[in-house]
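Novice: The UniProt record's numbering puts the first sequence at residues 1 to 496.
Quick reminder that beta carbons are idealized off the backbone N, C-alpha and C, glycines included.
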Amino acid sequence: MQLYKNQELKIYNSLTSKKEVFNPINEGHVGMYVCGPTVYSNVHLGNVRTFMSFDMIFRYLKHLGYKVRYVRNITDAGHLTDDADSGEDKIAKKARLEQIEPMEVVQMYTIDFHNILNKFNFLPPSIEPTATGHIIEQIEIIKEILDKGFAYEVNGSVYFDVHKFNESHEYGKLSGRNLEDLVHNSRALDGQSDKKNPQDFALWKKAEPQHIMRWPSPWSDGFPGWHLECTAMSTKYLGEQFDIHGGGMDLKFPHHECEIAQAEACNNQSPVNVWMHANMLKMNGQKMAKSTGNSINPGELLSGDNDILSKAYSPSAIRFFMMQSSYRSILDLTDDGLLAAEKAYRKLMEAINSLPNLKVSNNSTTDFDVASWKQQCYDAMNDDFNTPILIAELFSAIKFINQIKDGKATISQEDFNTLTNTLHVFVFDVLGLLNITENNDSGSDKLSDTVQLLINMRAEARANKDFALSDKIRDELAAIGIQLKDGKDGTTFSTN
RNA sequence: GGCGUCUUGGCCGAGUGGCUAGGCAGAGGUCUGCAAAACCUUGUACAGCGGUUCGAAUCCGCUAGACGCCUCCA
1 MQLYKNQELK IYNSLTSKKE VFNPINEGHV GMYVCGPTVY SNVHLGNVRT FMSFDMIFRY
61 LKHLGYKVRY VRNITDAGHL TDDADSGEDK IAKKARLEQI EPMEVVQMYT IDFHNILNKF
121 NFLPPSIEPT ATGHIIEQIE IIKEILDKGF AYEVNGSVYF DVHKFNESHE YGKLSGRNLE
181 DLVHNSRALD GQSDKKNPQD FALWKKAEPQ HIMRWPSPWS DGFPGWHLEC TAMSTKYLGE
241 QFDIHGGGMD LKFPHHECEI AQAEACNNQS PVNVWMHANM LKMNGQKMAK STGNSINPGE
301 LLSGDNDILS KAYSPSAIRF FMMQSSYRSI LDLTDDGLLA AEKAYRKLME AINSLPNLKV
361 SNNSTTDFDV ASWKQQCYDA MNDDFNTPIL IAELFSAIKF INQIKDGKAT ISQEDFNTLT
421 NTLHVFVFDV LGLLNITENN DSGSDKLSDT VQLLINMRAE ARANKDFALS DKIRDELAAI
481 GIQLKDGKDG TTFSTN
């Protein structure tokens, strides 16, 4: 099943600002690193969108037959709340506020993170390393950078010398900046810094006495700089050069820029072939971010417990909503948008669930060519993971299915198999949607039987033209959230 | 201030030199005892102005507006 040999995948590379044909370093294998969350509060939906984009990418790469090693880290070491030398680390701050151990903060929100991702049907990454588990590797990298002369020590802290680095390398190539501009436009710091230049960034910070999260190092008891962990862990698990590095758009500068600098300082080669950046999620037209308060927890979306929402949404409806836009576009989360997506998602599922009952004929009508439709689905995904186009293709298949149901088209057994298989692959394996199954909760058999009883009674009443009774059954069931659907083959129901 | 992105029909959201995106809503229809649901059919769109071109929503320029990064953030 090495589909990648027949499919030409193109990926938009942030480093070159172009779509490029994807060729992994080792044929058949892909190394992918994605910057994970800092676990100091509940994940907000923007994080989920980014990770969902990479989940979809992971899924498609796997479907193409690649052996993918997908590394997504957990940032659990404290990083500073601002870039000056003073400032508390985020995890310690949260720990102080809630009067718990920093590692309790980490544990609590790591669990929350995993719970949420499970609800949204994420595949687990191959490796999920933590920053605190790789302090030694980070110290080794600092030593290496110091040896190469691209860092300096001041008062127990070690800083990366961006200006020195820029003499022989190109700092800013990912984000399209040059150092001169950065110098020109950097805000005046108060001069309290140990840094030689404001553009320099910390590799190691000496801990203040009250700082709880600290580790010994050759320079001081302290903690690593926040760009370093990704370099340490990506190098350890994927090598000095690997295929894909992803993250949110907001990490492009300075985080990813600094990662490149660190890795190049160490190994004198560019660490990553393809840089991918997932775009931001807005909410009602405003930037969504933890720091501004304009953010929504995934949990609130699933429970409907938020002012902007008219109702609760299922994880798959939300996933569908996100997959309807391209991962590189800014997406605006609104109640109307979710409502529309939920309906579309249901339509998709109803058609898929009707497939087993579809009548198969000796041959297919010619106006819908299943084989070329299938390739169009691949073409959509091959074009930089264009899920909106893929979904449009899925709906053209849905239309075909409905035409068969109406007797306006026919399908051969072979085409039927291809259609069914392809729909399952893209809807469930690639997009990662979950099926709506009628009455899927365990223990709902009794509910199902009860409703069936009422359906039968209503059918009798209708046969006797006792419409007062039949309408009463229908309306009162609707009032408690059970909707009856009269179809040609009898009545079914759905719960809200 | 610097760098960058975006502006598509009522809403969301693809596309990017000539050929229907798609979804939701709306309208009409089929089905139904009536509804609902489901299905079918249907659309006025490419911010404004100017330019390049046989032809531009798509390329170039200007204007207006929105946004992102530059400071912790996915």
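#1: Could you pull the start and end residues of the alpha helix (DSSP H) that S316 belongs to?
#2: Would you decide whether E414 is buried or exposed? Buried here means 16 or more other CB atoms lie within 10 Å of its CB.
#3: At a cut-off of 7 Å, would you count Y40 as near the ligand MN, judging by its Cβ distance to the nearest heavy atom?
#4: Do the CB positions of F54 and G246 come within less than 8 Å of each other?
#5: DSSP on Y66, reduced to helix/strand/coil?
#6: With a 10 Å radius around its C-beta and 16 neighbouring C-beta atoms as the bar for buried, classify L97 as buried or exposed.
#7: I'd like to check one pair, I25 with D243: are the Cβ atoms closer than 8 Å?
#8: Ends of the beta strand (DSSP E) at Y345?
#9: Quick check on the DSSP output: the alpha helix (DSSP H) that includes W373 runs from which residue to which?
#10: Please state if the CB of K282 and the CB of L333 are separated by a distance shorter than 8 Å.
#11: Using the three-state DSSP reduction, which class does N178 fall into: helix, strand or coil?
#12: In whole angstroms, what separates the C-alpha of H134 from that of E229?
#13: Is G133 helix, strand or coil when you go by DSSP?
#14: Can the beta-carbon of D307 be found less than 8 Å from the beta-carbon of K10?
#15: For the beta strand (DSSP E) containing H424, list its first residue and its last residue.
#16: Out of K19, Y12, L64, which has the shortest C-alpha to C-alpha gap to K5?
#17: Should L431 and T387 be called a contact, given that it needs their Cβ atoms to be closer than 8 Å?
#18: Just to confirm the assignment, what range does the beta strand (DSSP E) spanning S157 have?
#19: Can you say whether S14 is buried or exposed, counting buried as having 16 or more other CB atoms within 10 angstroms of its CB?
#20: When the distance is taken between beta carbons, is N294 closer than 8 Å to M288?
#21: With respect to the alpha helix (DSSP H) encompassing A263, which residues constitute its N-terminal and C-terminal limits?
#22: Apart from the five residues on each side of it in sequence, which residues of its chain come closer than 6 Å, Cβ to Cβ, to F461?
#23: Mind reading off the beta-carbon distance from Q241 to P209? Whole number of angstroms is fine, and I expect it under 8 Å.
#24: Any idea if I141 is buried or exposed, counting beta-carbon neighbours within 10 angstroms, 16 or more meaning buried?
#25: Quick one: what's got a C-beta closer than 7 Å to L238's C-beta in the same chain, skipping five residues either side?
#26: Please confirm whether L433 and S316 have their CB atoms less than 8 Å apart.
#27: Kindly list the residues whose CB is nearer than 8 Å to the CB of G443, restricted to its own chain and excluding five residues on each side of it in sequence; keep chain order.
#28: For residue 558, which residues of its own chain have a beta-carbon under 7 Å away from its beta-carbon, when the five flanking residues on both sides are left out?
#29: Return yes when the Cβ of K148 is within less than 8 Å of the Cβ of A265, no when it is not.
#30: Look at the alpha carbon of D194 and the alpha carbon of A261, and state the distance between them as a whole number of angstroms.
#31: Since H227 contacts A92 with CB under 8 Å, what's their CB separation in whole angstroms?
#32: Counting only the same chain and skipping the five closest in sequence on each side, list residues whose C-beta sits under 8 Å from that of L358.
#33: Taking just the CA atoms, how far does E144 sit from E170?
#34: In or out: N456 buried (at least 16 other Cβ within 10 Å) or exposed?
#35: Which value, in whole angstroms, describes the spacing of the CA atoms of V360 and T420?
#36: Inspect the beta-carbon positions of D89 and V43 and report whether they are closer than 8 Å.
Specialist: In short, the structure shows the following:
#1: 315-323
#2: exposed
#3: Ligands are entirely absent from the displayed structure, and the ligand MN is therefore not among its contents.
#4: yes
#5: coil
#6: exposed
#7: yes
#8: Segment 335-353 is the alpha helix (DSSP H) holding Y345; no beta strand (DSSP E) there.
#9: 370-382
#10: yes
#11: coil
#12: 7 Å
#13: helix
#14: no
#15: Not the beta strand (DSSP E): H424 falls in the alpha helix (DSSP H), residues 413-424.
#16: L64
#17: yes
#18: 157-160
#19: buried
#20: yes
#21: 257-267
#22: One detail in the question is off: residue 461 reads as Ala in this sequence, not Phe. Closer than 6 Å at Cβ, skipping near neighbours: L469, S470.
#23: No, Q241 and P209 are not in contact; Cβ-Cβ is about 41 Å, not under 8 Å.
#24: buried
#25: G31, Y33, R69, V71
#26: yes
#27: With a pLDDT of 49 at G443, under the threshold of 50, the modelled position of this residue cannot be trusted, and the question is left open.
#28: This structure cannot speak to residue 558, because the chain is shown only from 1 to 496.
#29: yes
#30: 20 Å
#31: At roughly 19 Å, the Cβ-Cβ gap does not stay under 8 Å, so H227 and A92 are not in contact.
#32: I401, I404, K405, I411, F416
#33: 19 Å
#34: exposed
#35: 12 Å
#36: no
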